[in-house]
Every structure is written in C-alpha cells, then in structure tokens.
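A.B. asks: Take this structure first; my questions come after.
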C-alpha cells in the first residue's frame, strides 16, 4: 500500500508543501508568542499542523506525523487561555517545528528510510524534544497539571473530520470521469442559454446532470457540495412542477453552483494548497430566494422544525458534533418525505486507504434505491492504529435485507453495519413524586 503513494513525485510534492507550511508556522508562532495572534492566526496554525500530520502519515513519515500530533496537543492546552500564552509551551512548539525541519532536511538529503526507523543515538537533541512532546507522563507535570488532562480527555469526542476525495485523492478520479464531463457540458451549454428562461430541454438536461452529480458526489461527505446539489435538485424539480417560476436567472444559478462544485472537487483531489474553496454564501442567498417559493408546500420543513426533530433522533452524539447544520436538516427532511433512515457505519485502516477508491461507485448503487442525506468521514487517531471511520446516513424505502446487500459492496471496509435511525420517545416522563409530595 505505502509504495503506491510513496513515489519520488509524491515525496517531492510533500517536501515542497512542508516548506510552505513551516515558513507560515514560523511567522504565526512569533505572533502567538507576542500575544498578537487573532482567531484566524490560531485556525491557520491548527490547519497547517493538521495537514502536516495527515500528509506525513499517508507517506509513512511517522516521526513527522507524531511530532505534528504532539504540537496539536500543546495548542489544545494553549488555546483556552489565549491571547495570554505560556512561554514554556510556545517554546515546545518552536522546538517541535525545528525537529520537523530537521526531519524534512534528512528526507531531502536521501534519508527517507531512516525517518521511519531513526537510530536512537543519531539525534540526541531531537530525542529529548520527543520525550518532552510525545511522552505525557514525565514532561507535562511541572507546568499546569489541571489544564493538561482536559484536552486529551475531550479529543476522542472530536475526531478529525475528512472526506472521501481528500482520503483517496487521484485514486478516485476514474469514478468521477463522468462528473468532469458534466462540468464541461454545463459550462459550454449553459453559457449559450444565459439570459433566457430555461426550455423543457434545458431543464431535462440540468435535471439529469444534477441527479448524476448527486449520486456520485454526495457519498464524498463534503457539506458544501451537498448544499449546492441538494438545493439545485429541489429547485429544478420544483420549476418543472410549476412551484417555482421559470425565470432566466435559473441558468446562472445552476451554472454558478455547478462551477463551485467543480472547484471544490478539484481542490480536494489535488491534496495540495490551492486557492480556497469558493465562498458559496452568495449562491446560497440566491438559492434561498427560490427556496422561499416552497414555504407554503405541505412537505416544506423549516430550519427550526428540523433542529427539533434531529435532536430526538438516535444519532451518535460524536457523529452529530461533526455534522454541518445543513446535514442535520437533511436527515429530518428525508423522514418527512417518508423514507426510512439507516446509519451505515464502517472502518478502514489508514494503511488501506486505497479501499476508498470505489466508494463513489458504491454511492451510485445506494442512490438507485434511495438517497444519501450525508456521509461523515473521520480520521481516528486514538485507535490502537490510525483508521478512518465512516458513518453514512441512507434514506430508502428498501427493506433491511436490501440495505444489507448494498452494505456488502464496501470492499476493504471492516465492521460494516446498518442500524435504523429512529425518533426517541416523545420526552422522558417526569420522575414520580415522592409520597409526601403527592398528597395535597
């Protein structure tokens, strides 16, 4: 498995990225040390360290990955007290960054294999730093003993969310070929139709395009894609049914939305720092103007009602904590539409991430019998060995045996299981009054 990713090309790309991340980290840590770091700076530090950890783990540069993980632990201890910082903890982060620079330099000079099995006597200063950073029992005790335990205890409840495209990268591109063809078709065809109310033919074409993108990409677990494609699907079908006026701006709405999806997909597959994902907030405002035409529809579900329903569903709180508000809307909405909801869960060891390459194809099979309101991919670092866990919510009217058959298509996954998602009983009954209270 490792050899399929650890090539000269991927190592060079990784090293180039490391240099960029480390340079930015140096600047941001200086601001942190001075007490000048704002929320965006702290977010950037966490994001860059997290990316370093993930990409180095993928290429099995385990010392870099474990050192980055140790930095995350220190940041978790610093964060509650910001903008005040404890100099000793910032020094530890600087020392860890210097250690990563040294390891990167060793890989650049051809010492990649020694990265995985470093000789103990070869790096005495680094060994001392590693004891300070990665061995919680001896080192943390002198500083703030009470603060130290809170972040590690909370960490298992907040695993790192990721997504199918970022995990599988270009390995999943073959199953997305038709999606890229659709992107190109939308760009070429809809430019010609701009300024015109969409004809039946254009609506049919748009409906087919959105359905296919939905069936292929919703299983990727990227909320921004889910938002665009779901809203487009509802708007297009509602225009065809006469519930939403057929106006020329629908073409621009569809073109812009699908272009956003294309950019997001390309960013995730590339696995390198690209321009930020497009801001879809303006697009959402335009879509909401269309969506408001449906408020009188008997199946319309308000955000407030969806929140109330979601809170009474049997969804694992750890999964719910990672979900986007839109995803929490989608599950109750699917229930209102009359679907049964299943929570499909599975695990894939991190070293077998190639198993994810076929997941989008499996997603298409699931769409033949229903739809996927959302999928949540997590990198679990607290397991005995790093692994990805996946929780996919599936809305369907198929029986349990068919759902079980579909689950069997996830090749390479472990512990695949499907459990129905139900409403918890109305509200817990109040505790019975004591005998003395019960008497008037």
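Numbering (the working numbering), first residue to last: -11 to 428.
Virtual Cβ for every residue (Gly too), placed ideally from N, Cα, C.
As the structure is a computational prediction, the values presented were derived from the model and not from experiment.
The beta strand (DSSP E) that contains residue 365, what's its start and end?
C.D. replies: Where residue 365 is concerned, the enclosing beta strand (DSSP E) stretches over 358 to 368.
A.B. asks: Buried or exposed: residue 176, going by 16 or more other Cβ atoms within 10 Å of its Cβ?
C.D. replies: Under this definition residue 176 is an exposed residue.
A.B. asks: Output needed for residue 210: all residues of its chain with C-beta closer than 6 Å, excluding positions within five of it in sequence on either side, in chain order.
C.D. replies: Closer than 6 Å at the Cβ level, and outside the excluded window around residue 210, lie 151.
A.B. asks: Mind the definition here: the region 161 to 172 touches the region 371 to 379 only if three or more C-beta pairs lie below 8 Å; say whether that holds.
C.D. replies: They do not touch, by the three-pair rule.
A.B. asks: Whole angstroms is fine: what's the gap from residue 166's alpha carbon to residue 196's?
C.D. replies: Going from the Cα of residue 166 to the Cα of residue 196 covers about 12 Å.
A.B. asks: Reducing DSSP to helix, strand and coil, say where residue 329 ends up.
C.D. replies: Reduced to three states, the DSSP call for residue 329 is strand.
A.B. asks: Using only the alpha-carbon positions, how far apart do residue 452 and residue 269 sit?
C.D. replies: As displayed, the chain neither begins before -11 nor continues past 428, which places residue 452 out of reach and without an answer.
A.B. asks: Can you list, in chain order, the residues of its chain with a C-beta nearer than 6 Å to that of residue 194? Leave out the 5 residues immediately preceding and following it.
C.D. replies: Answer for residue 194: 224 and 242, listed in chain order.
A.B. asks: Among 228, 229 and 245, which has the Cα closest to the Cα of residue 474?
C.D. replies: The structure shown does not extend to residue 474, since the chain is modelled only from -11 to 428, so the question has no answer here.
A.B. asks: Kindly indicate which three-state DSSP category residue 149 falls into: helix, strand or coil?
C.D. replies: Strand at residue 149.
A.B. asks: Assess, as a yes-or-no matter, whether the region 8 to 27 is touched by the region 75 to 90 under the definition of 3 or more beta carbon pairs within less than 8 Å.
C.D. replies: Contact holds: three or more Cβ-Cβ distances are below 8 Å.
A.B. asks: Taking DSSP as the reference, what is the three-state secondary structure of residue 251?
C.D. replies: DSSP places residue 251 in helix when its eight states are reduced to three.
A.B. asks: Are there three or more Cβ pairs, one per stretch, closer than 8 Å when the region 292 to 302 is compared with the region 347 to 365?
C.D. replies: No, because fewer than three Cβ pairs between the region 292 to 302 and the region 347 to 365 fall closer than 8 Å, the two stretches do not touch.
A.B. asks: In chain order, what residues of the same chain have a beta carbon less than 6 Å from the beta carbon of residue 409, not counting five sequence neighbours either side?
C.D. replies: So the list reads 301, 302, 329 and 331, once near-sequence residues are dropped.
A.B. asks: On the CB-based measure, 16 or more other CB atoms within 10 Å of its CB, does residue 202 come out buried or exposed?
C.D. replies: With 16 or more other Cβ atoms within 10 Å, it is buried.
A.B. asks: Can you give me the Cβ contacts of residue 386 inside the same chain, cut-off strictly under 6 Å, excluding the 5 residues immediately before and after it?
C.D. replies: Once the five neighbours on either side are set aside, the close Cβ partners of residue 386 are 357.
A.B. asks: Just reading off the alpha helix (DSSP H) that residue 92 is part of, what are its end residues?
C.D. replies: Its alpha helix (DSSP H) spans residues 75 to 96.
A.B. asks: So, with DSSP's three-state summary, where would you put residue 175?
C.D. replies: Residue 175: helix per DSSP, three-state reduction.
A.B. asks: Less than 8 Å between the beta carbons of residue 88 and residue 52, yes or no?
C.D. replies: In this structure, residue 52 lies closer than 8 Å to residue 88 by Cβ.
A.B. asks: Are the CB atoms of residue 17 and residue 85 within a distance shorter than 8 Å?
C.D. replies: Going by C-beta atoms, residue 85 is nearer than 8 Å to residue 17.
A.B. asks: Answer with buried or exposed for residue 307, where buried requires no fewer than 16 other C-beta atoms within 10 angstroms of its C-beta.
C.D. replies: When all chains shown are included, residue 307 counts as buried.
A.B. asks: Who are the near neighbours of residue 59 in its chain, counting only those whose CB is closer than 7 Å to its CB and skipping five residues on each side?
C.D. replies: Cβ within range, chain order: 37, 81 and 84.
A.B. asks: May I have the straight-line CA-CA distance separating residue 44 from residue 4, to the nearest angstrom?
C.D. replies: Looking at the two C-alpha atoms, the distance is approximately 12 Å.
A.B. asks: Using CA coordinates, which residue listed in 282, 352, 13 and 314 is at the minimum distance from residue 214?
C.D. replies: The shortest Cα separation from residue 214 among 282, 352, 13 and 314 belongs to 314.
A.B. asks: Please classify residue 379: does DSSP put it in a helix, a strand, or coil?
C.D. replies: Residue state, collapsed to three classes: strand.
A.B. asks: Pull up the distance between the alpha-carbon of residue 62 and that of residue 33, whole angstroms please.
C.D. replies: In a straight line, the C-alpha of residue 62 is about 12 Å away from that of residue 33.
A.B. asks: If the criterion is Cβ atoms closer than 8 Å, does the pair residue 402 and residue 334 meet it?
C.D. replies: Contact: yes.
A.B. asks: Cβ atoms of residue 232 and residue 281: under 8 Å apart, would you say?
C.D. replies: Cβ distance < 8 Å, so residue 281 and residue 232 count as in contact.
A.B. asks: What are the boundary residues of the alpha helix (DSSP H) that residue 404 is part of?
C.D. replies: No alpha helix (DSSP H) holds residue 404; the beta strand (DSSP E) holding it covers 402 to 408.
A.B. asks: Mapping DSSP to helix, strand and coil, what is residue 509?
C.D. replies: Because the chain here runs from -11 to 428, residue 509 falls outside it and cannot be looked at.
A.B. asks: Whose C-beta lies closer than 8 Å to the C-beta of residue 95 among residues of the same chain, with five residues either side of it excluded?
C.D. replies: Result list for residue 95: -1, 3, 49 and 103, in chain order.
A.B. asks: Looking only at C-alpha atoms, which of 40, 217, 394 and 317 sits nearest to residue 347?
C.D. replies: Out of 40, 217, 394 and 317, 394 has the C-alpha closest to the C-alpha of residue 347.
A.B. asks: Have a look at the DSSP bridge pairing and note the partners of residue 384.
C.D. replies: The partner list for residue 384 (beta bridge, DSSP) reads 328 and 358.
A.B. asks: Go ahead and pull the three-state DSSP assignment for residue 8.
C.D. replies: The answer is helix: DSSP assigns residue 8 an H, G or I state.
A.B. asks: What three-state label does DSSP hand residue 70 in the structure shown?
C.D. replies: Reduced to three states, the DSSP call for residue 70 is coil.
A.B. asks: Here's the rule: buried if 16 or more other CB atoms are within 10 angstroms of the residue's CB, otherwise exposed. What is residue 322?
C.D. replies: By the 10 Å Cβ count, residue 322 comes out buried.
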